[in-house]
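In this note's numbering, the protein residues as written are 1250 to 1515.
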């Protein structure tokens, strides 16, 4: 652990993190010397109940949902507060999500609320950053359109490309990951294209192509090889791309990202 002050978080659950959290301990600006022992964490005397707020899920359909929250502090601490897998809920269902109680929170703390659904048409996700917990509604996007995938070139390495019809729910960026397992070696090529790269306007159809690295001292043996199956996983994004692309802004309160994923097996 780096030297300096850190924030210590400890949570208690009935059985595991997939159960609702019971109590939380927060100690701020902890700076212990080397080989020190953390003083006893006593949930009975020091722990406090987390803040429970109501979350309404819209456009869930028949998918299974997981609702999770984390908190990040300006001391660099990140702590998972809950990750609840929900069964038997439908669109419009109200569920609980959990946050650091106001008495233990700082104004610089930033929570992340994530709703992840899975079903026969893939995965859909909404991620929202917030400081103060409130009752809220999160609307999930549509299932991602199925890409059309073909081959642009087969030599000196395989260059597949995917065409994804645009959707307003995912108009910021599209990513396609091309995967191949050959001779006990996994090859994965991640290709991302953004609205900014397209000139600031979302194209009617996204084109995502494995580039030609011929002038970049690229060893063709690293690439996808002709004559063996290639799978794909496609992702659509709307909103913040900070953990997808370098040199982008840090998240702030109210920032939201909506995304969806489909794979060649669906």
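Even for Gly, the Cβ is constructed at its ideal location relative to N, Cα and C.
- Across the structure, residue 1276 and residue 1345 are spaced so that their CA atoms are roughly 25 Å apart.
- Taking residue 1416 as the centre and dropping the five residues before and after it, the same chain places the C-beta of 1390, 1391, 1393, 1394, 1485 closer than 8 Å to its C-beta, in chain order.
- Contact between the region 1313–1323 and the region 1357–1365 is present: 3 or more CB-CB pairs across the two stretches fall below 8 Å.
- Under the Cβ criterion (8 Å, minimum of three pairs), the region 1438–1457 counts as touching the region 1400–1416.
- Within the region 1393–1429, no run of alpha helix (DSSP H) reaches 4 residues while sitting entirely inside it.
- Residue nearest to residue 1251 within the set 1507, 1324, 1294 is 1324 (criterion: CA-CA distance).
- C-alpha of residue 1480 to C-alpha of residue 1467: approximately 22 Å in a straight line.
- Secondary structure at residue 1263: coil, using DSSP grouped into helix, strand and coil.
- Rounded to whole angstroms, residue 1387 and residue 1348 show a C-alpha spacing of 16 Å.
- Non-local beta-carbon contacts of residue 1402 in its own chain, meaning distances under 7 Å to residues more than five positions away in sequence, involve 1408 in chain order.
- Burial of residue 1371 is indicated by the presence of at least 16 other C-beta atoms within 10 angstroms of its C-beta.
- The region 1278–1309 contains, as complete beta strand (DSSP E) runs of 3+ residues, the segments 1300–1307 (chain order).
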